[in-house]
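Peer 1: I am attaching a structure below and will ask some questions about it afterwards.
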Amino acid sequence: MSVLIVTSLGDLVVDLHTNKCPLTCKNFLKLCKIKYYNGCLFHTVQKDFTAQTGDPTGTGTGGDSVYKFLYGDQARFFSDEIHIDLKHSKTGTVAMASAGENLNASQFYITLRDDLDYLDGKHTVSIPISMHACFTCFTGYGCFFILERGNI
15 MSVLIVTSLG
25 DLVVDLHTNK
35 CPLTCKNFLK
45 LCKIKYYNGC
55 LFHTVQKDFT
65 AQTGDPTGTG
75 TGGDSVYKFL
85 YGDQARFFSD
95 EIHIDLKHSK
105 TGTVAMASAG
115 ENLNASQFYI
125 TLRDDLDYLD
135 GKHTVSIPIS
145 MHACFTCFTG
155 YGCFFILERG
165 NI
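Counting from 15, one number per residue, gives the positions in the sequence shown under my numbering.
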């Protein structure tokens, strides 16, 4: 299954790994369906690293999972779905960004270079979020070079 992300810099087609990350993909699809991501800014862009979005406040501190809308505040976040075979090895990997273990909500990022394998299945020191890849970006690589320069 794929999702089309329309940005002011061009469109991205994202393949969802629904068999490996069912909670993550359901969350992403449902948020897309209710237009939760419409108007979200890329609030954090780090050259040769990632471009992050999915926070409707535009600050990088907000966002809720679809499960909060379905089950209340206690379901604001959902569990990690980390798989060792889903890697950050290519530019255009799309993955959830979270505030820690099992704290996934709505924010996600796109990698802006190859070989970011140190993000696979771990919490990183450089930024306080955990990373896991449940999606793969198929097309739209042209906008990554614009994102890298910070021209959003």
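Just so you know, even glycine gets a beta-carbon here, dropped at the ideal spot from N, CA and C.
So what does DSSP say about F56, is it helix, strand or coil?
Peer 2: Coil, per DSSP.
Peer 1: DSSP three-state call for G114: helix, strand or coil?
Peer 2: Coil at G114, not helix or strand.
Peer 1: Taking C-alpha atoms, which residue in D29, L37, G24 lies nearest to F91?
Peer 2: Of the listed residues, the one whose Cα sits closest to F91 is L37.
Peer 1: Pull the bridge partners of Y123 from the DSSP assignment, please.
Peer 2: Partner(s): Q66, A109.
Peer 1: Use the C-beta contact count for G53: other C-beta atoms within 10 angstroms, 16 or more gives buried, fewer gives exposed.
Peer 2: Exposed: under 16 other Cβ atoms inside 10 Å.
Peer 1: Could you check the C-alpha separation between K34 and I96 for me, to the nearest Å?
Peer 2: If I take the Cα positions, the gap works out to 9 Å.
Peer 1: Name the two residues that bound the continuous alpha helix (DSSP H) containing L84.
Peer 2: Taken as a continuous stretch (DSSP letters only), the alpha helix (DSSP H) holding L84 covers 80–85.
Peer 1: In terms of DSSP beta bridges, what is L18 paired with?
Peer 2: BP columns for L18 point to V27.
Peer 1: Just list the residues that DSSP pairs F92 with in beta bridges.
Peer 2: In the DSSP output, where bridge partners are listed per residue, F92 has N118.
Peer 1: Which residue marks the beginning of the alpha helix (DSSP H) containing T73, and which one marks its end?
Peer 2: Element bounds for T73: n/a, residue is neither H nor E.
Peer 1: Please report the straight-line C-alpha distance between A111 and G72, rounded to a whole angstrom.
Peer 2: Their backbone Cα atoms lie some 14 Å apart in a straight line.
Peer 1: In this structure, does DSSP put D131 in helix, strand or coil?
Peer 2: DSSP places D131 in helix when its eight states are reduced to three.
Peer 1: Output yes or no for whether 9 Å exceeds the beta carbon distance between D134 and K101.
Peer 2: Yes, they are a contact pair.
Peer 1: Assign V80 to buried or exposed, taking buried as 16 or more other Cβ atoms, counted over all protein chains shown, within 10 Å of its Cβ.
Peer 2: With 16 or more Cβ atoms within 10 Å of its Cβ, V80 is classed as buried.
Peer 1: Measuring alpha carbon to alpha carbon, tell me which residue in L117, N118, K104 is nearest Y132.
Peer 2: Among L117, N118, K104, the Cα nearest to that of Y132 is on K104.
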